[in-house]
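Asker: Quick one: the structure is below, questions incoming.
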Amino acid sequence: MTINSVRAATCAAAIALSLSTAQAQETQRDKGSALSILTDLTMEVSPRMAGSPAEARARDWATARLKALGFSNVTIEPFTVTSYVRGNESAVLTAPYPHKLAVTALGYSGTTPDAGISGDLVYFQTLDALKAAPAGSLAGKIAFVDHAMRANQDGSGYGPYGNVRRQGPAIAVQKGAIGIVIRSIGTDQHRNPHTGATNWPTGVTAIPAGAIANPDADMVALIAKTGKPMKLALTLTGRTTPDLPSGNVIADLPGRDPTLPKIIVACHLDSWDIGMGVIDDGAGCAIVTAAALKAQAGGKPLRTIRVLWAGSEEIGVFGGAAYGKAHANDPHALAMESDFGADRVWNVKFNRVAKPVADKVKAALNPMGIVPSADKADGGADVGAISEAQKLAVIDLSQDGTRYFDLHHTPDDTLDKVDPVQLQQNVDAWTAVLKVVANEAGEIIGE
Ligand SMILES: [Zn+2]
């Protein structure tokens, strides 16, 4: 080999090396995009019910991914939960006409015998109608509660109509019911029932409680109008199960001044078991993580940004509570959360944010068509405990929820429902906000 050919070979090797470095960097960037995080989490883990082995795999997956993306202090913070382990499920209207209904158990439902239970089915148009039923009037019977939730942009129907699921079963117990089915808390017209947790106040014994798909609920409502007696056979063999392992995953992108209170951005890692956990809430984890990374472009921000991928949100916000307890003395300035799907951000809300900071955030979002709302930010479930305990500043980036409750807690919560353009718009909006707040040297918390 001549000197020149050695030089040429060295040069070729250098070019190859720099190309492979560039490719590696490109792959690294890709792995930090919201779509890539969401796609890989869905492909490699998929549903991850609170307290399940799948949720444990999701924590391990999250840890590996966050480390690979360059986060520091990547930690699993374990805790145990009482969760719901699904069993066999069926609901059949046996009178006056036979109809097989698409049913799913609510989380924490009571358990039927393997052969199921059977009883007269009593129709209530609203939760208030059920509340008005005389005590004992449902002895030996099964209640059906209807409602009229409709799709809207801000998802505000979920509060009042969601009470049918949260409170209806316990109210039915007070009336003597042996079981309850509700119209799914959802706005679609597919034969997909929507699950979700119900609550049993202390001293109330759980009864089997399920939700039926909207078209099936339409049929029950139609038959109820005929006045003919209805009967239902209901089988829900799932069980409420204590002492299951869960946990939070936290990871930091340290700021230039680690003494300044940090910014926390959250999502929940657990999902219901009947879908793939994409819009609820893989998308949230993908958005906050991609934005935290993107906020590093152009120079490390002043303040540390912490991501919290909370565990066991769906069954009672246990991860948020555990974080609030474990980090009560850890200084935070501002909390944000993404847990409303992957559709576009359309407005911004503030709570306890100093006016100069809020003004900068509004200005950063203004070119994106994101408008300020006069409503107060509530922060979201997983940052609720820490923001309440430390009276943190909170910013909400409200997403378009028009189709969220078509998919929420159903088998239809799948990757194909995500619009990559709207997902990226979320990341861009979050990045714009994080660049402001993580570089704020002054006081962030205000009145
Ligand atoms: Zn959620």
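Residue numbers for the sequence shown follow the working numbering, beginning at -9 and rising by one.
Glycine included, every Cβ here is placed at the ideal spot set by N, Cα and C.
1) Are Leu413 and Val338 closer than 9 Å when you measure CB to CB?
2) Measure the C-alpha to C-alpha separation of Asn(-6) and Asp20 and round it to an integer number of angstroms.
3) Compute the minimum distance between the beta carbon of Glu304 and the heavy atoms of ligand 1, and state whether it is under 8 Å.
4) Which class does Arg49 belong to by DSSP, given the choice of helix, strand or coil?
5) Comparing the CB of His184 with every heavy atom of ligand 1, is any distance shorter than 8 Å?
6) Where does Asn189 fall in DSSP's three states?
7) Which word fits Val361, buried or exposed, when buried means at least 16 other C-beta atoms lie within 10 angstroms of its C-beta?
8) Ordered along the chain, which non-local residues of its own chain (more than five positions away) have a Cβ less than 8 Å from that of Asn153?
9) So the candidates are Gly359, Ser146, Gln286 and Asp329; which of them puts its Cα closest to the Cα of Gly22?
10) Please confirm whether Arg246 and Leu298 have their CB atoms less than 9 Å apart.
11) Can the beta-carbon of Val369 be found closer than 9 Å to that of Val384?
12) Taking Thr84 as part of the beta strand (DSSP E), name the residues at either end of that continuous run.
13) Could you tell me which of Gly193, Thr192 and Gly200 sits nearest to Ser174, measuring between CA atoms?
14) If we count the other Cβ atoms within 10 Å of its Cβ and call it buried at 16 or more, is Gly237 buried or exposed?
15) Could you check if Asp329 belongs to the surroundings of ligand 1, using beta carbon to heavy atom distance under 8 Å?
16) Excluding the 5 residues preceding and the 5 following Ala379 in the sequence, name in chain order all residues of the same chain whose CB lies nearer than 8 Å to its CB.
17) If you draw a straight line from the alpha carbon of Ala419 to that of Arg47, how long is it in whole angstroms?
18) Tell me Phe395's beta-bridge partners as DSSP assigns them.
19) Quick check: the Cα distance between Asp333 and Asp390, rounded to an integer number of angstroms?
20) Give me whichever residues DSSP pairs with Gly97 in a beta bridge.
21) Run the proximity test for Gly369: is its beta-carbon closer than 8 Å to any non-hydrogen atom belonging to ligand 1?
22) I want to check one thing, is the minimum distance from the CB of Gly309 to the heavy atoms of ligand 1 below 8 Å?
23) Would you say the beta carbon of His258 comes nearer than 8 Å to a heavy atom of ligand 1?
24) Can you tell me whether Gly217 is buried or exposed, with buried defined as 16 or more other CB within 10 angstroms of its CB?
25) Assign Asp263 to buried or exposed, taking buried as 16 or more other Cβ atoms, counted over all protein chains shown, within 10 Å of its Cβ.
26) Give a yes or no on whether the C-beta atoms belonging to Leu96 and Thr192 are separated by under 9 Å.
27) Buried or exposed for Ile179, going by 16 or more other Cβ atoms inside 10 Å?
28) Mind reading off the beta-carbon distance from Asp110 to Lys131? Whole number of angstroms is fine, and I expect it under 8 Å.
29) Between Gly288 and ligand 1, is the CB less than 8 Å from at least one heavy atom?
30) Helix, strand or coil for Phe330 per DSSP?
31) Check whether the Cβ of Asp271 lies closer than 8 Å to any heavy atom of ligand 1, and answer yes or no.
32) In the DSSP output, what is Tyr113 paired with across the bridge?
33) Exposed or buried, Ala162, counting other C-beta atoms within 10 Å across all chains shown (16 or more means buried)?
34) The beta strand (DSSP E) that contains Ser388, what's its start and end?
35) Decide if Gly126 is buried, meaning its Cβ has at least 16 other Cβ atoms within 10 Å, or exposed.
Answerer: In terms of the structure at hand:
1) Against a cut-off of 9 Å, the Cβ pair of Val338 and Leu413 comes out as no contact.
2) Bear in mind that a pLDDT of 46 at Asn(-6), under 50, signals an unreliable position, so the number given afterwards is only what the model happens to contain. Each residue's Cα considered, the two are about 38 Å apart.
3) yes
4) helix
5) no
6) coil
7) exposed
8) For Asn153, where only same-chain residues beyond five positions count, the Cβ hits under 8 Å are Leu117.
9) Gln286
10) no
11) According to the sequence shown, residue 369 is Gly rather than Val. Going by C-beta atoms, Gly369 is nearer than 9 Å to Val384.
12) Glu79 to Ala85
13) Gly200
14) So Gly237 ends up on the buried side.
15) Yes - ligand 1 has a heavy atom lying nearer than 8 Å to the Cβ of Asp329.
16) Gly314 and Ala318
17) 30 Å
18) Answer is none; Phe395 lacks a bridge partner.
19) Going from the Cα of Asp333 to the Cα of Asp390 covers about 6 Å.
20) Ala187
21) no
22) no
23) At least one heavy atom of ligand 1 is nearer than 8 Å to the Cβ of His258, so yes.
24) exposed
25) buried
26) At least 9 Å separates the beta-carbon of Leu96 from that of Thr192.
27) Note on residue identity: the sequence assigns Gln, not Ile, to residue 179. Label assigned to Gln179: exposed.
28) With a contact defined as Cβ atoms closer than 8 Å, Asp110 and Lys131 qualify at about 5 Å.
29) no
30) coil
31) yes
32) Phe134
33) The C-beta of Ala162 has 16 or more other C-beta atoms within 10 Å across all chains shown, which makes the residue buried.
34) Ala383 to Gln389
35) exposed
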